[in-house]
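Line order of the protein sequences matches chains Z and S.
Going by the working numbering, the first sequence opens with residue 13, and the numbers climb by one from there.
Going by the working numbering, the second sequence opens with residue 13, and the numbers climb by one from there.
Number of protein chains: 2
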Amino acid sequence: MRGRKYVHGYSEREKVRLRDQADTLAELLHGDTVYPPGSLVLEAGCGVGAQTVILAQNSAETHFLSIDISDESLRKAKETTERAGIVNVQFQKGDIYDLPFEDERFDHVFVCFVLEHLLRPLDALQNLKRVLKKNGSITVIEGDHGSAYFHPDSPEARKAIQCLVDIQAKMGGDSLIGRRIYPLLKASGFNNVRVSPRMVYVDSSRPHLVEGFTKNTFTAMVEGVREQALALGMMDEKTWDKGIRDLYRTAETDGTFCYTFFKGTASR
Amino acid sequence: MRGRKYVHGYSEREKVRLRDQADTLAELLHGDTVYPPGSLVLEAGCGVGAQTVILAQNSAETHFLSIDISDESLRKAKETTERAGIVNVQFQKGDIYDLPFEDERFDHVFVCFVLEHLLRPLDALQNLKRVLKKNGSITVIEGDHGSAYFHPDSPEARKAIQCLVDIQAKMGGDSLIGRRIYPLLKASGFNNVRVSPRMVYVDSSRPHLVEGFTKNTFTAMVEGVREQALALGMMDEKTWDKGIRDLYRTAETDGTFCYTFFKGTASR
């Protein structure tokens, strides 16, 4: 769900969305990721730093090296971490397919909302394995847009979500990758692979998630591909608009919304 | 997922399936349901007693009154509990729409895999509320077949699952009811409604679930509607068989399978 220009866009609204998402989900996704003091952790594909801030705060005495392929993202990530008073992160430009590091450089590796955007996630994982120390851990977190369902159900809403999935697939990504983390980590040769789902269940007894997840994270993300979906003729405008209205409808008092992230850990 | 003759059938295989399901899921679904010693609990719609055994064993000093509309199911449930040496359950024939009990008779009410089969789940809940004491609790557990997704994904497998959903809908049921437990309990006038999802995530590091859930519970259940689905022309035989093969395919070493049950609790 992390922004890539071509899929999600970097508008002001997008920044708000990424911040809301990070706040709401921080504990669910990252609460159990705490690294030993003094260890060196590679965050591969830090984007604008939405997860970096949480990671670095949860392990304040760990050194993070956060890389991204985009200068613009790195600049924003630096700003974000500086604003948060974080001092244990360094940033460096780097390509996940061609990591500028010697073998076994890092104690641990962390990848969040990155593999979904990659044409060759298996190659990426094998590259990350190279720079990871023996017995070091890798943590992978990804969403899975096929895990979204809701009440009231709506064919138009499901179709709008499918547009997001199809657009990401056209860019070479896979937004259904969450369910594939286990086989991907196994196929990359990691040991002790363990995957745990992190399900976000939203009903009106959880107003923070209604706002922070159903509306400002998930539905906003689907809305973000409106123009592409219409331009590509994937849906007509009327059906699209009904789909989005129906997604917002699930945020009313009698609505419910479900989405699942997957978190995998393994060791080299 | 509890058997009703018209949907799941009561073959020997079905009995094995129900037993496997109960073993595998007992802790996930029922582990946190323990009633005070001496209290009286109504289990509404006990079926063949698959859940009754677990309930009664988890609260050995609680008195259970388990009802079902089917004499045949009650007979089997009695056999099952007797065989398990259970002495704290009484059985009685009863209709959930016309409960043979005075108001506020029970300290607590328990309903599992029942509402999915009912044409009027809201009426059923309101009837159950009538016989529940003030401040007594109700516990509702249901599956949601729309929560199933898997790797490798397969349109034919999804279509076969949709047949099960459609057949259950034709019978007046709703196999997507899990996501509706929150609004149903609220609309029935219960207080302190709280719903928690219970997700079953299966990969090959969890061989007991691969066998006990993916194959022997879920896929076996879908297979159970083969003849109805073909007779109704919902799918042709070749596509159906591919769908079933693809569901078994998700049980191989690089496959994954996800399904979510929903557990709601509330008080009167």
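Yeah, the Cβ is synthetic: ideal placement off N, Cα and C, and Gly gets one too.
| task | Identify which residue in S:247, S:154, S:260, S:201 has its Cα closest to the Cα of residue 209 of chain S. | result | The shortest CA-to-CA distance from residue 209 of chain S to any of S:247, S:154, S:260, S:201 is the one to S:154.
| task | For residue 213 of chain Z, name the three-state secondary structure that DSSP assigns. | result | DSSP places residue 213 of chain Z in strand when its eight states are reduced to three.
| Amino acids of chain Z, ordered along the chain, whose beta-carbon sits closer than 8 Å to that of residue 120 of chain S | Listed by position along chain Z, the residues whose Cβ is nearer than 8 Å to that of residue 120 of chain S form an empty set, because the closest Cβ is around 21 Å away.
| Is any beta-carbon of chain B found at less than 8 Å from that of residue 76 of chain Z? | No chain B is part of this structure, whose protein chains are labelled Z and S.
| query | Curious, which full-length alpha helix (DSSP H) runs of at least 4 residues does the stretch 32-116 of chain Z contain? | reply | The qualifying runs are 62-70, 83-95.
| request: Identify whether residue 278 of chain Z lies in helix, strand or coil by the three-state DSSP scheme. | output: Of the three classes helix, strand and coil, the one that applies to residue 278 of chain Z here is strand, per DSSP.
| query | Of all the options S:54, S:171, S:278, S:119, which has the alpha carbon lying nearest to the alpha carbon of residue 257 of chain S? | reply | For residue 257 of chain S, the nearest C-alpha among the options comes from S:171.
| said: So, at 7 Å on beta carbons, what are the nonlocal neighbours of residue 238 of chain Z in its own chain, with the 5 sequence-adjacent residues on each side left out? | reply: Counting only Cβ-Cβ distances below 7 Å, and skipping sequence neighbours, we find 252.
| message | So, at 8 Å on beta carbons, what are the nonlocal neighbours of residue 197 of chain S in its own chain, with the 5 sequence-adjacent residues on each side left out? | response | Only 137, 150, 152, 205, 207, 276, 278 meet the Cβ criterion.
| message | Helix, strand or coil, according to DSSP, for residue 119 of chain S in the structure here? | response | It is a strand residue.
| query | On the premise that residue 125 of chain S lies in contact with residue 190 of chain S, defined as a C-beta separation below 8 Å, what is that separation, rounded to the nearest angstrom? | reply | A Cβ-Cβ separation of about 10 Å leaves residue 190 of chain S out of contact with residue 125 of chain S under the 8 Å criterion.
| task | Would you mind working out which of Z:47, Z:51, Z:81 sits nearest residue 66 of chain Z, comparing C-alpha positions? | result | Answer by Cα proximity: Z:47.
| Straight-line Cα distance separating residue 85 of chain Z from residue 139 of chain S | Answer to the nearest angstrom: the Cα atoms are 58 Å apart.
| query | Starting from residue 288 of chain Z and walking both ways along the beta strand (DSSP E), at which residues does that stretch end? | reply | Residue 288 of chain Z cannot be examined here, being either before or after the span of chain Z that is shown, 13 to 280.
| Where the beta strand (DSSP E) through residue 163 of chain S begins and ends | 161-163 is the extent of the beta strand (DSSP E) around residue 163 of chain S.
| request: Please name the residues in the stretch 162-176 of chain S whose beta-carbon is closer than 8 Å to at least one beta-carbon of chain Z, in chain order. | output: Hits within the stretch, in order: 162, 163, 165.
| query | residue 225 of chain Z by DSSP, collapsed to three states: which one? | reply | In the structure shown, residue 225 of chain Z sits in a helix (DSSP, three-state: H, G or I).
| said: Assess contact between the stretch 178-194 of chain Z and the stretch 77-84 of chain Z, defined as three or more Cβ pairs (one per stretch) separated by less than 8 Å. Is contact present? | reply: Using a Cβ-Cβ distance cut-off of 8 Å, the stretch 178-194 of chain Z and the stretch 77-84 of chain Z are not in contact, since fewer than three pairs of beta carbons, one from each stretch, lie closer than that value.
| said: I'd like to know if residue 246 of chain Z contacts chain S, where contact means its C-beta is closer than 8 Å to some C-beta of that chain. | reply: No, residue 246 of chain Z lies away from the interface with chain S (no Cβ there is under 8 Å from its Cβ).
| query | Checking contacts by CB at 8 Å: is residue 192 of chain Z closer than that to chain S? | reply | Flagged as an interface residue toward chain S: residue 192 of chain Z, by a C-beta distance shorter than 8 Å.
| said: Classify residue 45 of chain S: buried if its beta carbon has 16 or more other beta carbons within 10 angstroms, exposed otherwise. | reply: So residue 45 of chain S ends up on the buried side.
| task | Going by CA-CA distance only, name the one from S:106, S:144, S:173, S:216 that's closest to residue 115 of chain S. | result | When C-alpha distances from residue 115 of chain S are compared across S:106, S:144, S:173, S:216, the shortest belongs to S:144.
| request: Using only alpha-carbon positions, find the residue among Z:52, Z:203, Z:270 that is nearest to residue 118 of chain Z. | output: Of the candidates Z:52, Z:203, Z:270, the one whose C-alpha sits nearest the C-alpha of residue 118 of chain Z is Z:52.
| message | Is there a C-beta anywhere in chain Z that falls below 8 Å from the one on residue 213 of chain S? | response | Closer than 8 Å: yes.
| field | Sequence-distant residues of the same chain with beta carbon closer than 8 Å to residue 135 of chain S, five excluded per side | value | Once the five neighbours on either side are set aside, the close Cβ partners of residue 135 of chain S are 109.
| task | In the DSSP assignment, find the alpha helix (DSSP H) that holds residue 248 of chain S and state where it starts and stops. | result | Per DSSP, residue 248 of chain S belongs to no alpha helix (DSSP H) and is neither H nor E.
| Proximal chain S residues relative to residue 205 of chain Z, where beta-carbon distance stays under 9 Å | Those within 9 Å of residue 205 of chain Z in chain S are 215, 217.
| query | Which residues does DSSP pair with residue 203 of chain Z in a beta bridge? | reply | In DSSP, residue 203 of chain Z forms a bridge with Z:279.
| message | Quick check: what's the CA-CA separation for residue 169 of chain Z versus residue 148 of chain S? | response | If I take the Cα positions, the gap works out to 38 Å.
| said: Between the alpha carbons of residue 280 of chain S and residue 193 of chain S, how many angstroms are there, rounded? | reply: Pairing residue 280 of chain S with residue 193 of chain S, the inter-Cα distance amounts to about 15 Å.
| field | Nearest to residue 146 of chain S (by Cα), restricted to the options S:127, S:128, S:202 | value | Minimum Cα distance to residue 146 of chain S is reached at S:202.
| query | Of all the CB atoms in chain S, is at least one closer than 8 Å to the CB of residue 58 of chain Z? | reply | No - not a single Cβ of chain S is within 8 Å of the one on residue 58 of chain Z.
| query | Using Cβ-Cβ distances below 7 Å, what residues of the stretch 240-271 of chain S are close to chain Z? | reply | Within the stretch 240-271 of chain S, the qualifying residues are 266, 268, 270.
| Who are the Cβ neighbours of residue 263 of chain S in its own chain at under 6 Å, not counting the five residues just before and after it? | These residues qualify, in order along the chain: 222, 226, 227.
| field | Residue from Z:42, Z:234, Z:224 whose Cα sits closest to the Cα of residue 122 of chain Z | value | Of the listed residues, the one whose Cα sits closest to residue 122 of chain Z is Z:42.
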